[in-house]
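Down below is the structure, laid out as structure tokens.
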Amino acid sequence: MHLHYDERACPDNKDSANFKRHLARYQFAIPWVRGRRVLDMGCGMGYGADCMSGTAQAVTGIDISVEAIEYARRRYQKEGLRFLPMDCEALEFRDETFGAVCAFEVIEHLKGPEKMLSEIIRVLAKDGIAILSTPNKSVSSEHGRPANPYHFREFNWDELQSILSAHFESVEVLGQSGSRKAQEAMHGTPGKRWLARMDPLRLRRWIPANLHRVASRWARFTVEEDLAPSDFPIESASVRQADYFVAVCRKGGRLRDLVVSIR
Numbered sequence: 005m006h007l008h009y010d011e012r013a014c015p016d017n018k019d020s021a022n023f024k025r026h027l028a029r030y031q032f033a034i035p036w037v038r039g040r041r042v043l044d045m046g047c048g049m050g051y052g053a054d055c056m057s058g059t060a061q062a063v064t065g066i067d068i069s070v071e072a073i074e075y076a077r078r079r080y081q082k083e084g085l086r087f088l089p090m091d092c093e094a095l096e097f098r099d100e101t102f103g104a105v106c107a108f109e110v111i112e113h114l115k116g117p118e119k120m121l122s123e124i125i126r127v128l129a130k131d132g133i134a135i136l137s138t139p140n141k142s143v144s145s146e147h148g149r150p151a152n153p154y155h156f157r158e159f160n161w162d163e164l165q166s167i168l169s170a171h172f173e174s175v176e177v178l179g180q181s182g183s184r185k186a187q188e189a190m191h192g193t194p195g196k197r198w199l200a201r202m203d204p205l206r207l208r209r210w211i212p213a214n215l216h217r218v219a220s221r222w223a224r225f226t227v228e229e230d231l232a233p234s235d236f237p238i239e240s241a242s243v244r245q246a247d248y249f250v251a252v253c254r255k256g257g258r259l260r261d262l263v264v265s266i267r
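See the structure below:
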């Protein structure tokens, strides 16, 4: 499984909506992983593992990309945090090594996700939890096929609930979408309005297409700078219509018992 670099949220671009959406998932995970040994699968450039390291007992980030791991090792150096190049379908850890596993935007990149899920179960402690995220097929796929060329398989709510329940004793699938402000920023609506205000005579019609694209992109990112991870909430309302799913799973026991203990 190789994750294309266009798919990665880069900490060097912290103002982008994509980065803040990803960061919101790690911030959501923090209370769940507190005091646990954590495995961050598909950790990319390491910012999420670093985010969780402040409350977790220890965090190990793994990624198939050697370049991403080298970047993470250079940028994030602290006790209890390490990064290893590794395939998430063939984990090089002993059984029941971790108390929590995070796998954000990974499962859709796999031809056979069951293998990864079986590996998660194997390395999780008996009462361990897993938190996974993936696009909502009902929103992101065209005619039942992923629009993203790097995705092998996407899931609707029922499909994700089914495949996770086959491996975990307790599963809760939540939804993540952008606020109205975030939706406008990502679709460039405010940027387009800004360009229109700056060009009342519509002279932009005569600007070369490549320069127009650059200007539009700049206007969009100036709006995205104002976004925060809180503009991408993870919640139980309208889950089936959400842009992304975030699933919290427990290997053994009820999630309800853990929710009480972390609040």
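Everything in the sequence shown is counted per the numbering used here, starting at 5 for the first residue and increasing by one.
Here a beta-carbon is modelled for each residue, glycine too, at the ideal position from N, C-alpha and C.
None of the values given here were measured: they were computed from a predicted structure.
Residue i, enclosing beta strand (DSSP E) - first and last residue
i: Cys-106; result: 102-108
i: Phe-87; result: 85-89
i: Pro-139; result: 128-139
Residue i, DSSP secondary structure in three states
i: Arg-78; result: helix
i: Met-49; result: coil
i: Gln-245; result: helix
i: Leu-95; result: coil
i: Ser-122; result: helix
i: His-113; result: helix
i: Asp-1; result: Only positions 5 to 267 of the chain appear in this structure, which leaves residue 1 out of reach.
i: Asp-230; result: coil
i: Arg-197; result: Here the model assigns Arg-197 a pLDDT of 48, short of 50, so the residue's position is not dependable, and the following value carries that caveat. It is helical.
i: Arg-260; result: helix
i: Glu-188; result: helix
i: Glu-71; result: helix
Limits of the unbroken alpha helix (DSSP H) element including residue i
i: Val-37; result: 21-37
i: Ser-166; result: 161-169
Residues that DSSP places opposite residue i in a beta bridge
i: Ile-66; result: Met-45, Leu-88
i: Leu-178; result: Val-250
i: Arg-149; result: Glu-146
i: Ile-238; result: Gln-180
8 Å contact criterion, which residue i and residue j should meet: CB distance rounded
i: Asp-247; j: Asn-140; result: 6 Å
i: Trp-161; j: Val-175; result: So it is not a contact: roughly 11 Å between Cβ atoms.
i: Gly-50; j: Tyr-75; result: 7 Å
i: Glu-123; j: Leu-95; result: 5 Å
i: Gly-103; j: Arg-40; result: 3 Å
i: Ser-242; j: Gly-179; result: 6 Å
i: Ile-111; j: Met-120; result: 7 Å
i: Lys-185; j: Leu-231; result: 7 Å
i: Glu-188; j: Ser-20; result: Wrong, their Cβ atoms sit about 15 Å apart, outside the cutoff.
i: Ala-28; j: Pro-233; result: 4 Å
i: Ala-151; j: Ser-144; result: 6 Å
i: Asp-131; j: Gly-46; result: Not quite, the Cβ-Cβ distance comes to about 24 Å (not below 8 Å), so this is no contact.
i: His-26; j: Phe-108; result: 7 Å
i: Lys-269; j: Ser-57; result: Look at the range of the chain in this structure, 5 to 267, and you will see that residue 269 is not part of it.
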